[in-house]
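This report concerns only the one structure given below.
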Amino acid sequence: MVSRVIPVDPFDLVIFGGTGDLARRKILPGLYRRMASGQMPKEARIIGAARSELDRAGYQQMVKEAIEEFGDPRHKSDVAGVGDFLERLDYVAIDAKGEGGWPELKGLMRDGVVKAFYFSVGPSLFGDLAERLKSHGIAGDDARIVVEKPFGHDLGSARALNASLAAHFEEHQIYRIDHYLGKETVQNLMAVRFGNMLFEPLWNSQYVDHIQITVAETVGVGGRGSYYDKSGAMRDMVQNHLMQLLCLIAMEPPAKFDPDAVRDEKLKVIRALDEVDPHHIVRGQYDKGPDGPGYRDDVEDARSRTESYVAMKVGISNWRWAGTPFYLRTGKRLRARASEIAVVFKDTPHSIFGPEAGLHRNILTIRLQPNEGMELGVTIKEPGPGGMRLMDVPLDMSFADALGPDAEDVPDAYERLIMDVIRGNQTLFMRGDEVEAAWAWTDPIIQGWIDRHDVPKPYDAGSSGPDDALALMHRDGRKWRDIKV
Ligand code: NAD
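This is the structure we're talking about:
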């Protein structure tokens with residue numbers, strides 16, 4: 010298989026927060042990898058803009074070290090390539106809230122290239138950056154801005170953020186990143202659903218028993234404790250990442266693969282979500298385990314009631330999904346790191362093989378990590394004599410196997426999304442109304458916890474989460490899929 014890397018147009022990409030953790034761990038090594046893959050034209054330039062008083066050489070050194078530390082091992086040793094990448098870098102010390110550095114930034118920008126501005130800074134600076142980009146005449150009507158999560162803390166703050174950006178930029182210029190949407194498998198989910206005849210006719214409550222979406226992490230809150238404790242799993246994961254996955258699974262086929270057509274369909278799903286019954290949600294908080302502290306130690310608050318785990322049952326009130334529950338769960342310090350969507354089909358209406366053959370169900374599993382890929386469980390006859398006994402076998406498509414060496418060049422989520430910004434393709438970015446609708450659904454759930462003085466259930470670090478989450482499924486005669494190590 011020959012991989013097709015299509016170079017993007019020449020660009021000036023300014024990374025506000027270009028010295029920060031996200032820039033050093035993800036954005037810059039990702040850009041380097043795109044260059045090494047031949048996707049970045051010679052004229053492409055990247056300008057770091059942050060508070061630190063660095064000169065160009067100092068920034069180049071910092072980025073070199075970041076690539077050495079966080080880059081893809083296959084490209085790290087390519088010293089000539091790194092030099093080539095560093096040549097494209099520039100730096101300006103800037104004050105997002107003041108006037109320092111803005112004229113210098115303007116002086117660095119070129120005409121006739123794509124202009125993109127990545128806001129890799131806290132959301133409290135989004136409005137300041139947007140305003141100054143305009144007042145200094147740096148960003149015109151064709152410029153693009155990229156904003157990071159968290160996009161708001163609730164509906165009110167999300168609306169305020171949208172308004173502060175909308176005061177200076179049109180919606181078609183704003184790229185709200187949810188890096189889950191940049192994952193290869195997530196896009197493959199759309200390819201599988203809408204590129205095959207096989208699945209879509211079965212993709213509804215008549216044939217699908219239920220759907221499980223799991224995003225399990227082994228890490229705790231680590232150094233992010235003070236941020237996380239104000240947020241919790243509901244805001245940090247469910248409102249954005251799990252919601253986006255849910256939308257892509259549940260949405261109607263868009264008329265075309267075009268940003269607004271796709272986002273219109275996602276928005277309809279969010280608006281059709283049922284209010285969640287408080288009995289259908291379990292919140293958890295990890296306890297200390299043999300290999301690490303508990304949540305409350307991590308956030309240094311012995312009375313914290315923030316959840317590090319959520320499991321819930323959600324319904325969608327529309328013709329396609331009425332009667333099919335969606336079970337979502339996400340948490341930290343769980344047994345394994347695993348993200349997957351499982352579409353569990355119903356039993357056959359009648360087993361011609363009798364009860365001794367056992368009950369078997371088709372399950373389509375979409376794995377986001379580790380080993381991105383898909384697996385379809387089908388029922389076959391157990392080989393050999395002894396009558397008709399049935400067994401499940403996976404039809405497995407791991408991308409690494411299917412694509413061979415080309416899989417190594419599959420861009421990671423950040424790489425792909427940044428290249429989409431340069432191409433001007435918003436399909437994999439959240440629109441303002443989508444984000445607001447997701448908060449409008451999330452807010453009453455969180456408010457309910459506050460009103461009821463809800464205390465999260467403790468769970469052992471390294472386990473599968475609180476027992477109540479198992480009960481949530483058992484009550485419905487179902488069970489969670491194993492979080493495999
Ligand atoms: P960070 O604290 O490591 O870096 C912040 C950057 O912003 C620095 O470069 C700093 O110089 C710059 N900055 C701060 N105040 C400034 C000002 N007044 N003027 C100009 N520059 C200023 O933060 P981070 O972890 O890189 O996160 C950046 C954003 O990305 C945040 O909104 C965060 O929530 C989001 N995010 C981060 C991660 C991650 O893995 N780090 C993941 C998802 C989202």
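Positions 10 to 494 (the working numbering) are the ones given, in order, by the sequence shown. Just so you know, even glycine gets a beta-carbon here, dropped at the ideal spot from N, CA and C. These figures come from a predicted structure and were not determined experimentally.
If we count the other Cβ atoms within 10 Å of its Cβ and call it buried at 16 or more, is residue i buried or exposed?
{"i": "Ala447", "result": "buried"}
{"i": "His219", "result": "buried"}
{"i": "Gln456", "result": "exposed"}
{"i": "Phe128", "result": "buried"}
{"i": "Ala148", "result": "buried"}
{"i": "Lys493", "result": "exposed"}
{"i": "Pro210", "result": "exposed"}
{"i": "Ser46", "result": "buried"}
{"i": "Ser313", "result": "buried"}
{"i": "Met206", "result": "exposed"}
{"i": "Thr451", "result": "buried"}
Excluding the five sequence neighbours on either side, which residues of its own chain have a C-beta within less than 6 angstroms of the C-beta of residue i, listed in chain order?
{"i": "Leu373", "result": "Val352 and Leu385"}
{"i": "Val11", "result": "A caution first: Val11 carries a pLDDT of 47, below 50, which makes its placement in the model too unreliable to give a value."}
{"i": "Met252", "result": "Ala447"}
{"i": "Arg440", "result": "Arg272"}
{"i": "Leu138", "result": "Phe25, Ala105 and Phe128"}
{"i": "Ser61", "result": "Thr28"}
{"i": "Ala102", "result": "Glu62 and Gly110"}
{"i": "Arg342", "result": "Gly229, Tyr295 and Ala470"}
{"i": "Val304", "result": "Per the sequence shown, residue 304 should be read as Tyr rather than Val. Closer than 6 angstroms at Cβ, skipping near neighbours: Gln294, Tyr295 and Ser317."}
{"i": "Glu391", "result": "Arg398 and Met400"}
So residue i packs on residue j, CB below 8 angstroms; how close in whole Å?
{"i": "Asp238", "j": "Asp310", "result": "6 angstroms"}
{"i": "Ala242", "j": "Tyr189", "result": "No, Ala242 and Tyr189 are not in contact; Cβ-Cβ is about 15 angstroms, not under 8 angstroms."}
{"i": "Glu284", "j": "Arg42", "result": "Not confirmed; about 43 angstroms, so no contact."}
{"i": "Asn327", "j": "Phe354", "result": "That pair is no contact at about 19 angstroms."}
{"i": "Ala225", "j": "Gly340", "result": "6 angstroms"}
{"i": "Leu404", "j": "Phe362", "result": "Not quite, the Cβ-Cβ distance comes to about 21 angstroms (not below 8 angstroms), so this is no contact."}
{"i": "Thr223", "j": "Glu349", "result": "6 angstroms"}
{"i": "Val291", "j": "Asp477", "result": "4 angstroms"}
Going by DSSP, which residues form a beta bridge with residue i?
{"i": "Leu385", "result": "Leu373 and Leu404"}
{"i": "Glu337", "result": "In the sequence on display, residue 337 carries Leu and not Glu. Per DSSP, Ile222 and Met321."}
{"i": "Phe135", "result": "Per DSSP, none; premise fails for Phe135."}
{"i": "Val353", "result": "His219 and Ile372"}
{"i": "Met439", "result": "Arg185"}
{"i": "Arg153", "result": "Ala125"}
{"i": "Gln294", "result": "Pro467"}
{"i": "Leu399", "result": "Lys390"}
{"i": "Ser61", "result": "Paired residues: none, contrary to the question."}
{"i": "Gly301", "result": "Gly298"}
{"i": "Leu282", "result": "Ile325"}
{"i": "Phe20", "result": "Val123"}
{"i": "Leu98", "result": "Ile55"}
Once you ignore the five residues that flank residue i on each side, which residues in its own chain have a CB closer than 7 angstroms to its CB?
{"i": "Lys73", "result": "Val91 and Leu95"}
{"i": "Phe79", "result": "Arg33, Arg34 and Pro38"}
{"i": "Met199", "result": "Leu257"}
{"i": "Met482", "result": "Tyr336, Lys488 and Trp489"}
{"i": "Arg280", "result": "Ala446"}
{"i": "Trp212", "result": "Arg202"}
{"i": "Ile375", "result": "Thr194, Leu198, Glu349, Ile350 and Met383"}
Near residue i, which residues of its chain fall below 8 angstroms by C-beta distance, leaving aside the five closest residues on each side in sequence?
{"i": "Arg119", "result": "Asp21 and Arg54"}
{"i": "Pro302", "result": "Gly229"}
{"i": "His181", "result": "Gln435"}
{"i": "Val308", "result": "Val230, Gly234, Ser235, Tyr237, Asp238 and Thr315"}
{"i": "Ile523", "result": "What the structure shows of the chain is the stretch from 10 to 494, and residue 523 is not part of that stretch, so it cannot be assessed."}
{"i": "Asp300", "result": "Ala470 and Gly471"}
{"i": "Met428", "result": "Val17, Arg43, Gln48 and Pro420"}
Does any heavy atom of ligand 1 sit closer than 7 angstroms to the C-beta of residue i?
{"i": "Ala105", "result": "yes"}
{"i": "Ala270", "result": "no"}
{"i": "Leu31", "result": "yes"}
{"i": "Ala347", "result": "no"}
{"i": "Phe160", "result": "no"}
{"i": "Arg34", "result": "yes"}
{"i": "Ala59", "result": "yes"}
{"i": "Thr339", "result": "no"}
{"i": "Ser407", "result": "no"}
{"i": "Thr28", "result": "yes"}
{"i": "Pro19", "result": "no"}
{"i": "Glu157", "result": "yes"}
{"i": "Asp377", "result": "First, the residue type needs correcting, since residue 377 is Leu and not Asp in the sequence shown. Not so, every heavy atom of ligand 1 lies at least 7 angstroms from the Cβ."}
{"i": "Pro132", "result": "yes"}
{"i": "Phe438", "result": "no"}
{"i": "Ser144", "result": "no"}
{"i": "Phe25", "result": "yes"}
{"i": "Ser129", "result": "yes"}
Any heavy atom of ligand 3 closer than 7 angstroms to the Cβ of residue i?
{"i": "Phe203", "result": "By its list of ligands, the structure shown excludes ligand 3, since it contains just ligand 1."}
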